[in-house]
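Enquirer:
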Amino acid sequence: MEKRNILETIRKYFNVLPDKEDEQKVIAQISSGVSFKGANLWVLIFAIFIASLGLNVNSTAVIIGAMLISPLMGPIIGMGLAVGINDLDLLKRSAKNYGVATLISVLTATLYFLISPLSEVQSELLARTSPTLYDVLIAFCGGAAGIIALCTGGKGNVIPGVAIATALMPPLCTAGFGLATGHWLYFLGAFYLFFINTVFIAMATYGGVRLLQFRQREFSSSDSAAKARRIMIALVVVTMIPAIFMTVNIVRRSMFEHNVNRFIKTELQQRGTHIITNSVDKDSLILRVVAVGKEITEDHRLKAKNKMESYGLKEYELRIIQGEQSDSLMLLNSELTAMTTDREVDRQHLMKLSAEVSSLNSQLDEYTRYESLSKEIRGEMSVLFPQVSSLSLSRVADAGDTAAVKHYVVAIIETAHHKKLSEADTHKLREWLQTRVKGDSLVLVSSVH
721 MEKRNILETI
731 RKYFNVLPDK
741 EDEQKVIAQI
751 SSGVSFKGAN
761 LWVLIFAIFI
771 ASLGLNVNST
781 AVIIGAMLIS
791 PLMGPIIGMG
801 LAVGINDLDL
811 LKRSAKNYGV
821 ATLISVLTAT
831 LYFLISPLSE
841 VQSELLARTS
851 PTLYDVLIAF
861 CGGAAGIIAL
871 CTGGKGNVIP
881 GVAIATALMP
891 PLCTAGFGLA
901 TGHWLYFLGA
911 FYLFFINTVF
921 IAMATYGGVR
931 LLQFRQREFS
941 SSDSAAKARR
951 IMIALVVVTM
961 IPAIFMTVNI
971 VRRSMFEHNV
981 NRFIKTELQQ
991 RGTHIITNSV
1001 DKDSLILRVV
1011 AVGKEITEDH
1021 RLKAKNKMES
1031 YGLKEYELRI
1041 IQGEQSDSLM
1051 LLNSELTAMT
1061 TDREVDRQHL
1071 MKLSAEVSSL
1081 NSQLDEYTRY
1091 ESLSKEIRGE
1101 MSVLFPQVSS
1111 LSLSRVADAG
1121 DTAAVKHYVV
1131 AIIETAHHKK
1141 LSEADTHKLR
1151 EWLQTRVKGD
1161 SLVLVSSVH
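The numbering of the sequence shown is the working numbering, which starts it at 721 and goes up by one.
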């Protein structure tokens, strides 16, 4: 009796049926959000542009804003509701609008990234390219919260929260980035994440509708109902399989890294020795450890090597870098750490230095190009002005009495005493040189030898 009372108390707290709104009202509300035309379509396009901008500039706040105004949840919840109440017409309409919305979203994002001058792959974008089983759980829980809120009138902040948690917009924008830049793995990973969100939000909606005991329409035959259930189960299983594999790989990687850290802490740490870093080369099966301070002896290394099997590291070779080798590596590491302490500041500083180097190179070219130019035009000049035996060009700067610096090209020519240029020939030579040096003010200096 006491056990029954406990179960009744629990059921009373968790029972959502008393909060259920009128079924027809809920169905009409969800059905109205399925369609993508007119204002709904324009809101979707602008939301895609906002999300793409957020991914492009790595702004989480902008991405969240795009997710809040996106109407993509409509047809997905519509598909889940349609399966839950056996409404084939609503399912067809929802699936059609879902396809249209997906296609327009990907094309809009692709267009944005084709014209965007920013092509760097940011962390917010990369986060949408490797879906896992955790994304399945997020989509399912988010969808469940969404449908319960819609059916009970207790929306509040639930629907915006679901939109943020399930993140439908960023994967579509990342898929557009993959198409625009030719990164097909980004496209496939992001689109798979979007598909995961779609299937499990719809599945959660279906479960919520059944939990809230919505009246089901009768199929024309029992075979049709069984076929619909089989298709839904197959879709869920096929969607989950790749996510399970990805999650298993992530868990394995985490366990491997944990074993490596545990091995180093337990077997290599000693008083007076500090392990500053470690790295694993899985291709050549080498575990490298960099240590400073008191040296790890060869006997200590061999003992640690013999215990690697118990940490799942049997195949790996242990290499310890210490002494002068570690000093050099530590110096390099500290320099790299200093360079990457503030990535944004470093990037701006690097851009500034690059601009300064480019400017200096341009100025250097201006001063050095006349040396090669004088050699280039000497042959021409010997034909036009055979009296001139040598030519030298150089660029000079004259600050004078004003703040502005004036630049001149000085042309120094030599002629033999008996072949001295006349005033007319000197004028022609100056004009010809002025044309050949392309616009700089020219000063002609003539000497006789």
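Every residue gets a Cβ at the ideal spot worked out from N, C-alpha and C, and that includes glycine.
Fair warning: this is a prediction, and the values are worked out from it, not measured in the lab.
(1) Tell me whether residue 1024 sits in a helix, a strand or coil according to DSSP, three-state version.
(2) Alpha carbon to alpha carbon, how far is residue 864 from residue 726? Give it in angstroms, no decimals.
(3) Strictly by DSSP, which residues pair up with residue 1112?
(4) Are residue 1025 and residue 1038 close, meaning C-beta to C-beta below 8 Å?
(5) Is it the case that the segment 900–914 contacts the segment 753–772, given that we only count it when at least three CB pairs across the two stretches are under 8 Å?
(6) Specify, as a first and last residue, the run of the alpha helix (DSSP H) that residue 901 falls within.
(7) Mark residue 851 as exposed unless 16 or more other C-beta atoms lie within 10 angstroms of its C-beta, in which case mark it buried.
(8) Where residue 736 and residue 887 are concerned, what is the direct C-alpha to C-alpha distance, given to the nearest angstrom?
(9) Grab the span of the beta strand (DSSP E) containing residue 797 for me, first residue to last.
(10) Would you kindly report the start and end of the unbroken alpha helix (DSSP H) that includes residue 855?
(11) Is the separation between the beta-carbon of residue 867 and that of residue 797 shorter than 8 Å?
(12) Does the beta-carbon of residue 1042 have 16 or more other beta-carbons within 10 angstroms, so that it is buried, or is it exposed?
(13) Can you say whether residue 965 is buried or exposed, counting buried as having 16 or more other CB atoms within 10 angstroms of its CB?
(14) Report, in whole angstroms, the separation of the C-beta atoms of residue 1107 and residue 1135, which I expect to be a contact under 8 Å.
(15) Using the beta-carbon count (16 or more within 10 Å), is residue 734 buried or exposed?
(16) Quick one: grab the DSSP three-state call for residue 1013.
(17) Helix, strand or coil: which one does DSSP assign to residue 754?
(18) Tell me whether residue 1165 sits in a helix, a strand or coil according to DSSP, three-state version.
(19) Under 7 Å Cβ to Cβ from residue 912, same chain only, skipping five residues before and after it: list those, please.
(20) Which residues mark the beginning and the end of the beta strand (DSSP E) in which residue 1041 is found?
(21) Counting along the chain, where does the beta strand (DSSP E) carrying residue 736 start and finish?
(22) Which word fits residue 1046, buried or exposed, when buried means at least 16 other C-beta atoms lie within 10 angstroms of its C-beta?
(23) Can at least three beta-carbon pairs, one atom from the segment 811–829 and one from the segment 929–939, be found at a separation below 8 Å?
(24) On the three-pair Cβ rule with 8 Å, is the segment 798–811 touching the segment 915–927?
(25) Would DSSP call residue 1007 helix, strand or coil?
(26) How would you write the range of the beta strand (DSSP E) that residue 1248 sits in, first residue to last?
(27) Report buried or exposed for residue 854, applying the criterion of at least 16 other Cβ atoms within 10 angstroms of its Cβ.
(28) So, are the CB atoms of residue 1150 and residue 1097 less than 8 Å apart?
(29) Can you check which of these residues, 754, 789 and 860, is closest to residue 811 by C-alpha distance?
(30) Do residue 959 and residue 916 have their C-beta atoms closer together than 8 Å?
(31) Looking at the structure shown, is residue 1171 part of a helix, part of a strand, or coil, going by DSSP?
(32) Check whether the Cβ atoms of residue 977 and residue 871 sit closer than 8 Å, and answer yes or no.
Expert: In short:
(1) helix
(2) 26 Å
(3) 1132
(4) yes
(5) no
(6) 889–901
(7) buried
(8) 26 Å
(9) Note, residue 797: premise wrong, no beta strand (DSSP E); alpha helix (DSSP H) at 793–805.
(10) 853–872
(11) yes
(12) buried
(13) exposed
(14) 5 Å
(15) exposed
(16) strand
(17) coil
(18) strand
(19) 851 and 962
(20) 1037–1041
(21) From DSSP, residue 736 is part of no beta strand (DSSP E); its letter is neither H nor E.
(22) In this prediction, residue 1046 has a pLDDT of 49, which is less than 50 and means its spatial position is unreliable; what the coordinates show is noted afterwards. Buried: at least 16 other Cβ atoms inside 10 Å.
(23) no
(24) yes
(25) strand
(26) The question about residue 1248 has no answer here: the residues shown for the chain are numbered 721 through 1169.
(27) exposed
(28) no
(29) 754
(30) yes
(31) Outside the shown range of the chain, which is 721 to 1169, sits residue 1171, and nothing can be said about it.
(32) no
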